[in-house]
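J.: Take a look at the following structure, please.
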Amino acid sequence: MKKEIIINSTIEETRIAIIEDSQLVELFVERPENERMVGNIYKGKVSRVLPGMQAAFIDIGLEQNGFLHFSDISDATNQFLVDIEEDDEENGTPPKSAPRRPQQARQVARNLKKNQDIIVQIMKEPIGTKGPRVTSDISIPGRFAVLVPNQNYIGISRKINNPKEKKRLRTTARQALPKNFGIIMRTQAEGKSEKIIMHDIHGLLKIWETIDAKIKEKEAPLLVYKDFGMASSIIRDLFTSDVDRVIIDSRKQMREISTYVKDVAPQLKHKIEYYTNHQPIFEYFKIEDEIIRSMESKVWLKNGAYIVIQQTEAMVAIDVNSGKFIGRRDHEANALKINMEAAREIARQARLRDLGGIIVIDFIDMENNDNRMKLYQEFKREFHKDRSITKIEEISRFGIIEMTRQRVRPAILRTLHEECPQCHGTGLVPSLPTIVAAIERWIQNYRASRGDRRITLRVTNDIFNYMNNGRFPKKLQLMWKYWMKVNVIQDDSLGFREFKFFDRKNERELIVS
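Per numbering that gives the first Met the number 0, the sequence shown starts with residue 0, numbered consecutively.
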C-alpha cells in the first residue's frame, strides 16, 4: 500500500492529509485560534466534585473547566505534589482505566477537595459546549517511548510480536529509567539501537524535569507542558518506514520537520520533499475535491449505490441505498455486493470525517446468515486500519450494525463549518407563507393594541416579491382584511427573511409586546 503525508500551510491554517493508495483517508486541520490541545498538561484546581456523576470539574485556566471522571484518576494523583519513597516494581502492561466500584468512587470523592491542586492532562478536545476531558494519568510521548511519571511499569506495544525484541526493549528501558518512572515502548522502537532509544528516553526525562519545576514553583491554574502542534505530532506518531514520502509546501515547516526527523529518525529524512509547483498542493493531489465531497451527506459508490451520512448531537446515522446500481443476479447477491463496497467506504469516511460516538449503519437487508457474517467480518477488517478505538456489534435482525468510535476532537465538519445562524443546524428555514402568516399575526396584535392604521413594513427582496405577486397580492389582502394602509418597502440591510414595522413616517420602529 502506497502511503503519503501531504502538508499544506497558510496564514489561516495548517492542513495535513493522509493518502493511502491515492485516496484521502484522514484530514487534520489546525488554526491559530483552535490549536491542538490533546496532550497538554496543566496544574489545575478542583472547582467542583460531583460524587453522583463520579466526576469532578477542574479549573485549568481555559474558558471551560476540564471534566475529570473518577475512572481517569490515577492512584498516584497526589504524588505529583509530594516526594516519593516507594520501591520500583515492574508490571508487564500499563494499568487500564476501569469503572470504579461505588466504595472506590466514594473514596475518590473524599480525597478530592474543592480548590485542591491537581495535575491533569487533556485526553479529549472540547466539543461544542462540552469542556475538555482530562486525566490525572500523565504521560509524555516521544518518538520511540512514552514516559509515565510516578508509575512503576514497563509496557511494550502489542504490535511488537518478537519475544526476543520485547525482552531487549524491556532491558533497555529498565537501564534508562530512574526510580518512580514507568514507560511504554512504542511500535517504532522495534529494531532501533539502544543508543537511539536511550537518547529518546533521556529527552523525555529532561522534559519532565522542566514540568516538575513549574509544578512546584508556580500557582494553579497553569499550563505546564504544551504538546507538539498538529503537524509535528503527526510526523512524530505517523511518519514511519511504511510512509513513502512527506510533501510540504512551507519552507519554515520543512526546516522544523527535517530538523526533528534528522535527530530521531535520520534514515527517513530523504523521504521529506519540498513542494515547488505553482499549483496549490491540495489541488495538485486532488485533495481539495475530496474535502468538498466529505462535507456532503450523500456519498456515491463506484457501483452506482450510495450512502447517506447524517450527524446529530447524539449519534451518527448512516443509510445504505442501492441508487443506480443494476445487478444481473438475484437480490441477495446484489445486496451483498452493495453492502461490501459500502462497508469499505463507511470505514474510510469515518476516518476522513472523524466520526465519533455512537454510529448506527442501516445496510440493505440480507437473509443469508453467511452473507451477513461476510459483511460483518469485512467491516471489522476495514476498521483495523483505524487508529481510533472502535467497538463493533454484529448485524442485528434488522440489518443494522451498531458501533462506537473514539472521538478525541470535533468532527472535521464542525471544524470547517459554522452553524447556520438562520436554521441553527436543522437545515430548514421558514417558508415565505410562514413569514407572511407571522406578519399577519403582528398586524393583528398591533390593531388589538389600537395602533395607527398607517404603518410601514420593511422586508427582504424575496418577501417583497411574494407579497406583491399575483392577481390579488398578499399585501392588498392584508390591507383589506385589517382596513389599514401598509407601505411595503424593500430593505437589503435586513437579515434573511427578516421583517420590521415602522410608523407612518418610517422613522420609529414599532414593537408589539
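Note that the Cβ used here is the ideal one computed from N, Cα and C, for glycine as well.
1. Going by beta-carbon coordinates alone, are Asp461 and Arg496 separated by less than 8 angstroms?
2. If you reduce the DSSP assignment to three classes, tell me which class Arg503 lands in.
3. On a CA-only basis, which of Arg396, Ile59 and Met402 is nearest Phe378? Give me that one, please.
4. Suppose you measure from the CA of Glu3 to the CA of Ile233; what does that come to, to the nearest Å?
5. Just to confirm before moving on: does the CB-CB distance between Gln187 and Phe143 stay below 8 angstroms?
6. By a C-beta neighbour count over all protein chains shown, 10 Å radius and 16 as the cutoff for buried, is Asn333 buried or exposed?
7. Under 8 angstroms Cβ to Cβ from Cys422, same chain only, skipping five residues before and after it: list those, please.
8. Please report the straight-line C-alpha distance between Ala212 and Thr258, rounded to a whole angstrom.
9. Are Gln445 and Leu509 close, meaning C-beta to C-beta below 8 angstroms?
10. Quick check: the Cα distance between Asp236 and Arg30, rounded to an integer number of angstroms?
11. Report the residue from Ser135, Val315, Glu189 and Ala172 whose alpha carbon sits nearest the alpha carbon of Lys158.
12. Go to Leu67, then tell me how far its alpha helix (DSSP H) extends in each direction, as first and last residue.
13. Using a Cβ-Cβ cutoff of less than 6 angstroms, which residues in the same chain neighbour Lys297 once the five nearest sequence positions on both sides are dropped?
14. Between Gly38, Gly450, Thr311 and Pro131, which has its C-alpha nearest Gly424's C-alpha?
15. Does the segment 64 to 73 come within contact of the segment 153 to 168, defined as at least 3 CB pairs closer than 8 angstroms?
16. Identify whether Glu19 lies in helix, strand or coil by the three-state DSSP scheme.
17. By how many angstroms is the C-alpha of Met122 removed from the C-alpha of Leu61?
18. Considering Cα atoms alone, identify which of Met314, Glu340, Val315 and Ala313 is closest to Ser321.
19. What residue does the beta strand (DSSP E) around Ala316 start on, and which one ends it?
20. Would you report the Cα separation of Val487 and Asn467, rounded to the nearest angstrom?
21. If you reduce the DSSP assignment to three classes, tell me which class Arg14 lands in.
22. Cutting at 6 angstroms between CB atoms, please list the residues of its own chain near Ile514, excluding the five before and the five after it.
23. Please classify Leu23: is it buried, with 16 or more other beta-carbons within 10 angstroms of its beta-carbon, or exposed?
24. What is the DSSP secondary structure of Ile388, counted as helix, strand or coil?
25. Along the chain, which unbroken stretches of the beta strand (DSSP E) at least 3 residues long are found entirely within the segment 191 to 250?
26. My assumption, with CB atoms under 8 angstroms, is that Ile57 sits in contact with Gly38. Please give the rounded CB distance.
27. For Glu85 and Asn149, what's the separation of their Cα atoms in angstroms?
28. Please report the distance separating the alpha-carbon of His269 from that of Thr13.
29. Between Ile118 and Ile196, what straight-line distance do the alpha-carbon atoms span, to the nearest angstrom?
30. The beta strand (DSSP E) spanning Pro148 covers which residue range?
31. Would Tyr273 and Ile256 qualify as a contact pair, given that the criterion is a beta-carbon distance under 8 angstroms?
32. Using the Cα positions of Asp243 and Val260, report the straight-line distance between them to the nearest angstrom.
33. Starting from Ser293, follow the alpha helix (DSSP H) in both directions and report where the run begins and ends.
34. Restricting to Cα atoms, I'd like to know which of Leu412, Gly398 and Ile363 is closest to Arg350.
35. If you measure between the beta carbons of Ile317 and Ile358, is that distance less than 8 angstroms?
36. In the DSSP assignment, the beta strand (DSSP E) including Glu344 goes from what residue to what residue?
T.: On the basis of the coordinates in this document:
1. yes
2. Coil.
3. Met402
4. 12 angstroms
5. yes
6. buried
7. Val428
8. Those two C-alpha atoms are separated by around 27 angstroms.
9. Sequence check: residue 445 is Tyr here, not Gln. Yes; because the gap between Cβ atoms is below 8 angstroms, this pair is in contact.
10. 20 angstroms
11. Glu189
12. Taken as a continuous stretch (DSSP letters only), Leu67 belongs to no alpha helix (DSSP H), being part of the beta strand (DSSP E) at Gly65 to His68.
13. Contacts found: Tyr305 and Val307.
14. Thr311
15. no
16. strand
17. 15 angstroms
18. Glu340
19. Met314 to Asn320
20. Approximately 9 angstroms between the Cα atoms of the pair.
21. In the structure shown, Arg14 adopts extended strand secondary structure according to DSSP, grouped into three states.
22. The question about residue 514 has no answer here: the residues shown for the chain are numbered 0 through 512.
23. The residue is buried, with at least 16 neighbouring Cβ atoms inside 10 Å.
24. coil
25. 221 to 224 and 244 to 247
26. Actually they are not in contact, since the Cβ atoms of Ile57 and Gly38 sit about 16 angstroms apart, beyond 8 angstroms.
27. Any reading at Glu85 needs caution, since the residue's pLDDT is 35, under 50, leaving its predicted position unreliable; the model's value is listed next. Rounded to the nearest angstrom, the two C-alpha atoms are 10 angstroms apart.
28. In this structure, the CA atom of His269 is about 23 angstroms from the CA atom of Thr13.
29. 27 angstroms
30. Ala144 to Pro148
31. Contact flag unset, no.
32. 15 angstroms
33. Ile286 to Ser293
34. Of the residues Leu412, Gly398 and Ile363, the one whose Cα lies closest to the Cα of Arg350 is Leu412.
35. yes
36. Not the beta strand (DSSP E): Glu344 falls in the alpha helix (DSSP H), residues His330 to Arg352.
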